[in-house]
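Q:
In the working numbering, the protein residues as written are 487 to 906.
1. Just confirm the distance between the C-beta atoms of residue 699 and residue 690, as a whole number of angstroms; I'd bet it's less than 8 angstroms.
2. Given that a residue counts as buried once 16 or more other Cβ atoms are within 10 Å of its Cβ, and exposed if not, what is residue 752?
3. Is it true that the segment 709-719 meets the segment 884-892, where meeting means three or more beta-carbon pairs spaced less than 8 angstroms apart?
4. Report all residues from its chain with a CB closer than 6 angstroms to the CB of residue 656; omit the five preceding and five following residues, and keep chain order.
5. Counting only beta-carbon separations shorter than 8 angstroms, does residue 824 have a partner in chain D?
6. For the alpha helix (DSSP H) containing residue 741, name the first residue and the last one.
7. Taking only the alpha-carbon atoms, compute the straight-line gap between residue 653 and residue 629 and give it to the nearest angstrom.
8. Between which two residues does the beta strand (DSSP E) holding residue 780 run?
9. Output needed for residue 627: all residues of its chain with C-beta closer than 6 angstroms, excluding positions within five of it in sequence on either side, in chain order.
10. Write down every uninterrupted run of the beta strand (DSSP E) in the segment 642-686 whose length is 3 residues or greater and which is fully enclosed by it, in chain order.
11. Does residue 762 come out as helix, strand or coil in the three-state DSSP assignment?
12. How about residue 756 and residue 785: are their beta carbons less than 8 angstroms apart?
13. Report yes if the CB atom of residue 597 is closer than 8 angstroms to the CB atom of residue 495, and no otherwise.
14. Pull the bridge partners of residue 572 from the DSSP assignment, please.
15. DSSP on residue 634, reduced to helix/strand/coil?
16. Thinking C-alpha only, which one of 843, 542, 781 is nearest residue 861?
17. For residue 569 versus residue 613, is the C-beta spacing smaller than 8 angstroms?
18. Apart from the five residues just before and just after residue 810, which ones in its own chain have a Cβ nearer than 6 angstroms to its Cβ?
19. Inspect the beta-carbon positions of residue 567 and residue 678 and report whether they are closer than 8 angstroms.
20. Bridge partners of residue 860, per DSSP?
21. Please report how far the alpha carbon of residue 608 lies from the alpha carbon of residue 564, in whole angstroms.
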């Protein structure tokens with residue numbers, strides 16, 4: 487791997503991230519709230535397109551809203567391309583690096599390759615995927631799911647955010663055609679190899695005392711919406727014995743999630759959002775919606791955890807005189823990233839360590855269609871989806887230079903990585 491101490495022309499990765507450090511700050515939660523198609527996320531997309539244009543990259547936006555910046559000095563056909571990139575949307579109150587680090591590192595890598603005089607035998611593209619977090623419309627990796635055909639356009643268009651705005655309406659407001667979204671074999675056919683760089687969302691690199699690792703597998707994960715219906719009523723006039731309170735059931739479900747996941751080694755299950763309806767201080771809720779996130783490397787274990795949580799919710803609801811509905815909103819099975827590509831990258835980086843991850847990524851969606859791999863950059867707090875997420879400046883540039891080394895190796899090869 488290249489020496490990060492050696493001078494490399496152009497702004498560092500930290501310099502690039504500093505350019506967007508004030509965009510989308512959340513004064514209430516702390517950190518950043520940049521949901522897809524919000525003013526903050528659109529500002530970041532504009533920043534990316536300006537930065538790509540300054541580097542001589544050719545910009546296109548596909549019909550699913552994915553932004554592509556192409557470097558193709560030889561004018562080769564747009565096929566078997568090496569693609570890198572990530573996303574610019576965030577979870578509510580998220581950190582500064584989840585998503586933007588991969589995009590800024592890709593721009594930095596382009597600077598490095600151009601400074602080295604690399605003449606690519608294959609086209610290179612930097613891609614920015616919309617709604618990777620699913621924080622606005624509830625489906626993670628929405629852009630890459632549509633691109634690859636994993637998600638039906640009709641379902642995506644009908645999704646609504648907390649304010650009742652449909653995904654179709656947001657697409658129209660962003661200048662995109664809702665009728666055009668969906669599986670795009672022409673765009674997919676241009677990708678020969680996909681490499682996504684991302685901040686590590688855990689302690690693996692801390693424990694290994696290493697700045698960069700190659701990804702191996704992405705744990706299977708899904709999201710379920712649990713709706714508990716009771717009887718809305720007045721908080722002051724309804725006797726405790728006469729209540730059918732769905733919020734009481736929801737509280738028992740949250741406790742059961744922790745207990746049940748703990749019985750399955752390696753499982754992770756979380757309720758991160760609860761929404762009572764109508765949500766008044768002096769009102770017994772008529773319905774409570776809560777969202778469950780469940781993950782495990784073994785998809786059968788994930789299914790078992792969700793089944794046990796469903797049974798616990800139904801049992802608690804029966805005692806309180808409430809009803810329960812559990813709906814799956816998204817499900818991604820465990821993904822093994824391309825082993826040949828990962829081994830090649832590890833060799834290029836002088837034997838970089840290899841890590842699994844419990845976080846979902848666009849690379850995991852695309853892996854079913856194209857050879858895909860990931861690079862992780864050390865997060866010294868081990869914390870992510872939080873303002874405490876961080877990357878040291880030197881590690882940010884180590885990651886970008888590692889990405890440049892990987893891209894240079896792939897661009898020198900006139901054929902895509904072989905699938906096993």
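We put the beta carbon where it would ideally sit given N, CA and C, even for glycine.
Here the structure is a predicted model, which is why all the values come from computation and not from measurement.
A: On the basis of the supplied data:
1. With 8 angstroms as the limit, residue 699 and residue 690 qualify as a contact, their Cβ atoms being about 7 angstroms apart.
2. exposed
3. With contact defined as three or more Cβ pairs closer than 8 angstroms, the segment 709-719 and the segment 884-892 are not in contact.
4. 523
5. Of the chains in the structure shown, none is chain D; there is only one protein chain.
6. 732-748
7. 12 angstroms
8. 773-782
9. Around residue 627: 618, 848, 851.
10. 677-685
11. strand
12. no
13. In contact: residue 597 and residue 495 (Cβ atoms closer than 8 angstroms).
14. 614
15. For residue 634, the secondary structure class from DSSP, reduced to helix, strand or coil, is helix.
16. Residue 861 has its Cα closest to that of 843, out of 843, 542, 781.
17. yes
18. 714, 799, 800, 803
19. Cβ distance < 8 angstroms, so residue 567 and residue 678 count as in contact.
20. 682
21. 8 angstroms
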